[in-house]
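Mapping of the sequence shown onto my numbering: residues 3 to 314, in sequence order. For each residue, glycine too, the CB sits at the ideal point set by N, CA and C. Note that the structure is predicted; figures quoted are calculated from it, not measured. To keep things clear, I will list the structure first and then write my remarks on it.
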Amino acid sequence: MNPIDIALRIATTAHAGQLDRDGHPVILHPLAVGLMGKTDEEKIAGFLHDVVEDTDYTFDDLLRAGIPVGVVNALRLLMHEPGTDYDAYVQAIIDSGNPIALQVKYNDLQHNFARRKAYPDLQAKHGKALERVKAAIEEYSKVELYHASSDENVEVGIFACGCFWGTQHQFAKQKGVKRTLAGYTGGEEAFPSYADVRDHKTHHVEAVIVEFDPTVVSYESLCKLFFEIHDPAQTDGVGTDIGSQYRSCIFYRNEPQRQVAEYVMQLLRDKGDEVNTLLLPESQFYISEAYHQRYYDKTGGEPYCHIRRRKF
């Protein structure tokens, strides 16, 4: 069963029969917060954000039911422990930098603020917290233009193969890689946002800059890693991430890189593999919003669509 379906089933079961202070079904609030989510993780966490706090469910129950570890880690942050100062609780979420917890708390506060007009004290508390979380998200939401490293011992590769969370996670683990940056490239529009790219308002793909030490790892090795973490036969995305922003591309920075990439692609074709990866000259690379960088390090989750399979 899809984790979103699992989350909905748990939430509706856990909150069944509960009424809020206005006599309305409690489930209406988590349903609203979940539907405000932009990613699957945000939807799941939104549906479940009150379950452990308000019912007999535990975090271990959620893990056993199939809720992803990264989402459960966000839910731990979102739980307001009894006796904990509310301002301190909100600040802990902000300080965590956890992208799921931050966005779900923002959605939760928006909905609570809108429905608490009859309770000025609660609305004021939620409004104050809303402004703090909103400011934090805005700070994390800046997009910057990438400038190449001045270190002569560092080379740069640019790869796109689906959601940049998993792509970055896999490249960052490679020995010899000094730094990775998730971002957007391949489009003409300046400073694209995640929302614009996701909604196809620009022509960019989600991509990753890989700065590496060529004395430790070769560009050829990185190209081979690239092809081992996704299916290059797909033309409409990677795995379950469907859309032009997820297409498979290598952006070469010079002629030697183009030749190496073509060589590795031919190795796969000689094995009988279908390769539809686009080989394109580099274009401006925009470093994505801070909350997307090293996403799985922050959430404690694991990529679901970038599992390495040896091909060479």
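For residue i, count neighbouring C-beta atoms within 10 Å of its own C-beta (all shown protein chains included) and say buried if the count is 16 or more, exposed if not.
i: residue 236; result: buried
i: residue 88; result: exposed
i: residue 297; result: buried
i: residue 147; result: exposed
i: residue 120; result: exposed
i: residue 196; result: buried
i: residue 157; result: buried
i: residue 159; result: buried
i: residue 170; result: buried
i: residue 229; result: buried
Taking DSSP as the reference, what is the three-state secondary structure of residue i?
i: residue 210; result: strand
i: residue 180; result: strand
i: residue 121; result: coil
i: residue 15; result: helix
i: residue 95; result: helix
i: residue 29; result: coil
i: residue 5; result: helix
i: residue 306; result: coil
i: residue 288; result: strand
i: residue 101; result: helix
Do the CB positions of residue i and residue j come within less than 9 Å of each other?
i: residue 300; j: residue 306; result: no
i: residue 53; j: residue 92; result: no
i: residue 50; j: residue 12; result: yes
i: residue 48; j: residue 7; result: no
i: residue 288; j: residue 142; result: no
i: residue 36; j: residue 10; result: yes
i: residue 172; j: residue 310; result: yes
i: residue 284; j: residue 145; result: no
i: residue 207; j: residue 219; result: no
i: residue 286; j: residue 174; result: no
i: residue 104; j: residue 138; result: yes
Give the list of continuous beta strand (DSSP E) stretches no shorter than 3 residues that lie fully inside the stretch 227 to 279. Correct list: 251 to 254.
So does the stretch 54 to 73 actually touch the stretch 13 to 25, counting three or more Cβ pairs closer than 8 Å? Between the stretch 54 to 73 and the stretch 13 to 25, the count of C-beta pairs closer than 8 Å reaches three or more; the two stretches touch.
Is there contact between the stretch 172 to 184 and the stretch 205 to 214, where contact requires at least three CB pairs shorter than 8 Å? At 8 Å Cβ cutoff, the stretches touch.
Inter-stretch contact (C-beta, 8 Å, three-pair minimum) for the stretch 256 to 272 and the stretch 125 to 142: With fewer than three CB-CB distances shorter than 8 Å, the stretch 256 to 272 does not count as touching the stretch 125 to 142.
At what residue ranges does the stretch 123 to 209 contain a whole run of the beta strand (DSSP E), taking only runs of 3 or more? Annotation note: the stretch 123 to 209 contains the following uninterrupted beta strand (DSSP E) runs of length 3 or greater, listed N- to C-terminal: 157 to 162 and 179 to 187.
With a cut-off of 8 Å, do at least 3 Cβ pairs link the stretch 277 to 285 to the stretch 222 to 236? A contact is defined here as three or more CB-CB pairs under 8 Å, and the stretch 277 to 285 meets this definition with respect to the stretch 222 to 236.
Check whether the stretch 67 to 82 and the stretch 37 to 45 touch, using three or more Cβ-Cβ pairs below 8 Å as the test. The stretch 67 to 82 is in contact with the stretch 37 to 45.
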